[in-house]
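Asker: Numbered according to our numbering, the first sequence spans residues 1 to 118.
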Amino acid sequence: MSDNPEPLSPMQRIWWIVGMIPSGTITSYGKVADMAGLPGRARYVSRALKLAPTELSLPWHRVVNAQGKIAFAADTAPFREQTQLLRSEGVMVNQGKINRSEYEWHPDIATLVLGMPF
DNA sequence: AAAGTGACTTGTA
DNA sequence: TTACAAGCCACTT
Numbered sequence: 001m002s003d004n005p006e007p008l009s010p011m012q013r014i015w016w017i018v019g020m021i022p023s024g025t026i027t028s029y030g031k032v033a034d035m036a037g038l039p040g041r042a043r044y045v046s047r048a049l050k051l052a053p054t055e056l057s058l059p060w061h062r063v064v065n066a067q068g069k070i071a072f073a074a075d076t077a078p079f080r081e082q083t084q085l086l087r088s089e090g091v092m093v094n095q096g097k098i099n100r101s102e103y104e105w106h107p108d109i110a111t112l113v114l115g116m117p118f
């Protein structure tokens, strides 16, 4: 029998989940937290993305707040970058706002399991 | 050590 | 709909 895999840390679970978000779709910090087994820890997700190694090249831009709005202040470089990245994959962004019902990611368990890093 | 901050969310008003 | 308070908690002052 093979040994059990090393369990992923909370931050690693967040990175894995964000990495699974398909191009052209979005989800929220709170949803990612819930999926990672960290209910009520939306802020932890934002920190995890900020600390994520660039080598992972995570699609961090596909994570917005619960109102479907880009979390960065409108007059900042990251706000403009996120807007550009989302538009480049076909997501309509107006004044930093996105229609969640139109672009929401609806993950299926099979895809998630097959995407697990072990 | 204590207070402030933030890439958040939810409940109330 | 907008606004504000709590809850959240690691990190920075």
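Think of the CB as a built atom: it goes at the ideal place given N, C-alpha and C, for glycine as much as any other residue.
Where does VAL18 fall in DSSP's three states?
Answerer: The answer is helix: DSSP assigns VAL18 an H, G or I state.
Asker: In this structure, how does DSSP classify VAL113 when only helix, strand and coil are distinguished?
Answerer: Helix, per DSSP.
Asker: Please return the same chain residues whose Cβ sits closer than 7 Å to the Cβ of PRO78, not counting the five positions on each side in sequence.
Answerer: Only PHE72 meet the Cβ criterion.
Asker: What is the DSSP secondary structure of SER28, reduced to helix, strand or coil?
Answerer: Three-state result, SER28: strand.
Asker: Determine the DSSP secondary structure at GLU81, reduced to helix, strand or coil.
Answerer: Three-state DSSP puts GLU81 in a helix.
Asker: Span of the alpha helix (DSSP H) holding GLU102?
Answerer: Here the alpha helix (DSSP H) through GLU102 covers 100 to 103.
Asker: For VAL91, which of helix, strand or coil comes out of DSSP?
Answerer: Three-state DSSP puts VAL91 in coil, outside helix and strand.
Asker: Based on Cα-Cα distance, which residue from GLY37, MET20, ILE98 lies nearest to SER57?
Answerer: Considering only alpha carbons, the answer is MET20.
Asker: Could you pull the DSSP bridge partners for LYS69 from this structure?
Answerer: Per DSSP, LYS97.
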